[in-house]
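Visitor:
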Amino acid sequence: MTRHTALTVLGIETSCDETAASVVRLGEDGRATVLSSIVASQIAEHAPFGGVVPEIAARAHVEVVDAVIRQAMTEAGVDFPGLSGVAATAGPGLVGGVMVGLSAGKAIALSRSIPLIAVNHLEGHAVSARLDADVPYPFLLLLVSGGHCQLLAVEGVGACTRLGSTIDDAAGEAFDKIAKTLGLPYPGGPALEKLAQGGDEARFPLPRALLGRDDCDFSFSGLKTAAARLAETLQHDAEKRDLAASVQAAISRQLTERTARAMRIYAAQHAAPLRFVVAGGVAANAAVRAALQKETEAQHFSFHAPALKYCTDNAAMIALAGAERLAKGLTSGLDAIARPRWPLDEAAAIANPVNSFGRKGAKA
Ligand code: KG4
Ligand code: ZN
Numbered sequence: 065m066t067r068h069t070a071l072t073v074l075g076i077e078t079s080c081d082e083t084a085a086s087v088v089r090l091g092e093d094g095r096a097t098v099l100s101s102i103v104a105s106q107i108a109e110h111a112p113f114g115g116v117v118p119e120i121a122a123r124a125h126v127e128v129v130d131a132v133i134r135q136a137m138t139e140a141g142v143d144f145p146g147l148s149g150v151a152a153t154a155g156p157g158l159v160g161g162v163m164v165g166l167s168a169g170k171a172i173a174l175s176r177s178i179p180l181i182a183v184n185h186l187e188g189h190a191v192s193a194r195l196d197a198d199v200p201y202p203f204l205l206l207l208v209s210g211g212h213c214q215l216l217a218v219e220g221v222g223a224c225t226r227l228g229s230t231i232d233d234a235a236g237e238a239f240d241k242i243a244k245t246l247g248l249p250y251p252g253g254p255a256l257e258k259l260a261q262g263g264d265e266a267r268f269p270l271p272r273a274l275l276g277r278d279d280c281d282f283s284f285s286g287l288k289t290a291a292a293r294l295a296e297t298l299q300h301d302a303e304k305r306d307l308a309a310s311v312q313a314a315i316s317r318q319l320t321e322r323t324a325r326a327m328r329i330y331a332a333q334h335a336a337p338l339r340f341v342v343a344g345g346v347a348a349n350a351a352v353r354a355a356l357q358k359e360t361e362a363q364h365f366s367f368h369a370p371a372l373k374y375c376t377d378n379a380a381m382i383a384l385a386g387a388e389r390l391a392k393g394l395t396s397g398l399d400a401i402a403r404p405r406w407p408l409d410e411a412a413a414i415a416n417p418v419n420s421f422g423r424k425g426a427k428a
């Protein structure tokens, strides 16, 4: 990484249903220390609707964003003149919410005459394993969240190559939708994991996706439909527990199989030491982590995952991505736009529009 003096950056995250702010210090040695990380969840506001309602999310961000930023600054013991820059998520995400956080970031940058860094939310997840931990670049990344499911070779901030991506749903979306058919509350992923405890994962055979292909792409729609059909026929709690366990095992298996392929491709292009990072909300799932860790050891990669609090959406990852960009001189103008869709590897997304922009494509 480019040599620089220590940087202190405020991060703001409002792309989905968490209003978050954080102050991160990036040392001269490239190590990141989280000084504060505040996350105000809107789960209670969306729960009655079984999912995130964009308009409710945007309004809720407006109501609390100032207080969340103030709390992050106070807890960090940093005043505004002490900031080197302000980073805000500029997409991809629910655009009404993104605009709230990005506008707050612009206002601070303008009034304090400090640089603004418009951060891609996915880049935040990509750097999240580096928070309070020593995980040097480059690494192979599996990014698995509610909106995204992709494998990326990460050479540094702003330098990612996509190796595979979902052609329909994201893994977290599959967890959430299947959980709903099992009558579980939103967000479904953690609830399904809890239900699956002690269940028989071999009880219900579920379809395996894209078997005829040898690339690193994912697909969860077949699994989702099959699980929904089965869920309708189930009467007893024990059966539901077994279905939850079978679903969790099927998702873990697909994530692990594609990751194994990506590891072989990555290893052919990179020298040792080989590192693997899993990030995003689904990385909080213990069965998914365990399956990936086993594969990682078999393929002689080191295994890294962010602390659980940095797996799901947070602003510390946005602050760190912003600080690393700032260190490279990659700042944004105050005309930076909020982007509902914004692939990390834009070249790959344009070359392969099946899993790129557009109403029918995957979300990033
Ligand atoms: O990264 P994240 O907070 O937000 C996005 O950027 O999407 O990820 C949220 C997703 C949701 O789909 C949630 O159900 C899933 O991560 N998730 C889990 C677990 N914890 C969160 N899925 C399975 N098992 C979990 N323990
Ligand atoms: Zn996220």
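If you use this note's numbering, the sequence shown closes out at 428, no skipped numbers anywhere.
Backbone N, C-alpha and C fix where the C-beta goes; we use that ideal spot for every residue, glycine too.
For a test of the three-state rule: what should DSSP assign to Ala152, helix, strand or coil?
Guide: In the sequence shown, counting from the first residue as 1, residue 152 sits at position 88. Residue state, collapsed to three classes: strand.
Visitor: Indicate whether the contact test is met: 3 or more Cβ pairs, each with one atom in the stretch 92–111 and one in the stretch 140–149, closer than 8 Å.
Guide: Short answer: they touch.
Visitor: Which one of Leu147, Gly114, Leu294, Ala168 has the shortest CA to CA distance from Val132?
Guide: Within the sequence shown, the letter at position 68 stands for residue 132. Closest option to Val132, Cα to Cα, is Ala168.
Visitor: Determine the closest residue to Ala302 out of Phe367, Leu246, Phe144, with distance taken between C-alpha atoms.
Guide: In the sequence shown, the residue the question calls residue 302 occupies position 238. Nearest option by C-alpha distance: Leu246.
Visitor: So, are the CB atoms of Gly160 and Ser79 less than 8 Å apart?
Guide: As a working note, residue 160 is residue 96 in the sequence shown. As a working note, residue 79 is residue 15 in the sequence shown. Contact flag unset, no.
Visitor: Quick one: what does DSSP say Gly160 is sitting in, helix, strand or coil?
Guide: Counted from its first residue, the sequence shown places residue 160 at position 96. Reduced to three states, the DSSP call for Gly160 is helix.
Visitor: Relative to the C-alpha of Arg267, which candidate in Ala415, Ser283, Ala291, Leu248 has its C-alpha closest?
Guide: To locate residue 267, count along the sequence shown from 1; it is residue 203. Closest by alpha carbon: Ala291.
Visitor: Name the two residues that bound the continuous alpha helix (DSSP H) containing Thr320.
Guide: Looking up residue 320 in the sequence shown gives position 256. 301–333 is the extent of the alpha helix (DSSP H) around Thr320.
Visitor: Verify whether the separation of the beta carbon atoms of Ala355 and Leu90 is less than 8 Å.
Guide: Locating residue 355 in the sequence shown gives position 291, counting from the first residue. Locating residue 90 in the sequence shown gives position 26, counting from the first residue. Taking 8 Å as the Cβ cut-off, Ala355 and Leu90 do not qualify as a contacting pair.
Visitor: If you draw a straight line from the alpha carbon of His110 to that of Met381, how long is it in whole angstroms?
Guide: The sequence position of residue 110 within the sequence shown is 46, counting from 1. The sequence position of residue 381 within the sequence shown is 317, counting from 1. Going by the C-alpha atoms only, they are around 24 Å apart.
Visitor: Is the beta carbon of Ala412 closer than 8 Å to that of Tyr330?
Guide: If you number the sequence shown from 1, residue 330 lands on position 266. If you number the sequence shown from 1, residue 412 lands on position 348. Cβ distance not < 8 Å, so Tyr330 and Ala412 don't count as in contact.
Visitor: Within the continuous beta strand (DSSP E) that includes Val208, where are the two ends?
Guide: Within the sequence shown, the letter at position 144 stands for residue 208. First-last of the beta strand (DSSP E) with Val208: 203–208.
Visitor: So, helix, strand or coil for Ser283, using DSSP?
Guide: Translated into the one-based positions of the sequence shown, residue 283 becomes position 219. If DSSP states are grouped into helix, strand and coil, Ser283 belongs with coil.
Visitor: Starting from Ala96, follow the beta strand (DSSP E) in both directions and report where the run begins and ends.
Guide: Taking the sequence shown and counting its residues from 1, the one referred to as residue 96 is at position 32. Run containing Ala96: 96–105, per the beta strand (DSSP E) assignment.
Visitor: With a threshold of 7 Å (Cβ to nearest heavy atom), would Gly386 be considered close to the ligand ZN?
Guide: Against the sequence shown, residue 386 aligns to sequence position 322. Gly386 Cβ: outside cutoff for every heavy atom of the ligand ZN.
Visitor: Can you list the alpha helix (DSSP H) stretches of 4 or more residues lying completely in the stretch 324–407, in chain order?
Guide: Here the runs fully enclosed are 350–362, 372–375, 380–391.
Visitor: Tell me which residues share the same chain as Gly220 and place their Cβ nearer than 6 Å to its Cβ, disregarding the 5 neighbours each side in the sequence.
Guide: Working through the sequence shown from its first residue, we reach residue 220 at position 156. Tyr201.
Visitor: DSSP on Gly146, reduced to helix/strand/coil?
Guide: Residue 146 sits at position 82 when you count from the first residue of the sequence shown. Looking at Gly146 - three-state DSSP - the assignment turns out to be helix.
Visitor: Tell me the rounded alpha-carbon separation between Thr279 and Glu77.
Guide: Position 215 of the sequence shown, counted from the start, is the residue given in the question as residue 279. Position 13 of the sequence shown, counted from the start, is the residue given in the question as residue 77. Checking the sequence, you will find Asp at residue 279 rather than Thr. Rounded to the nearest angstrom, the two C-alpha atoms are 33 Å apart.
Visitor: Hey, would you say the C-beta of Glu237 is under 7 Å away from at least one heavy atom of the ligand KG4?
Guide: Taking the first residue of the sequence shown as 1, we reach residue 237 at position 173. It does: the Cβ of Glu237 is within 7 Å (strictly closer) of some heavy atom of the ligand KG4.
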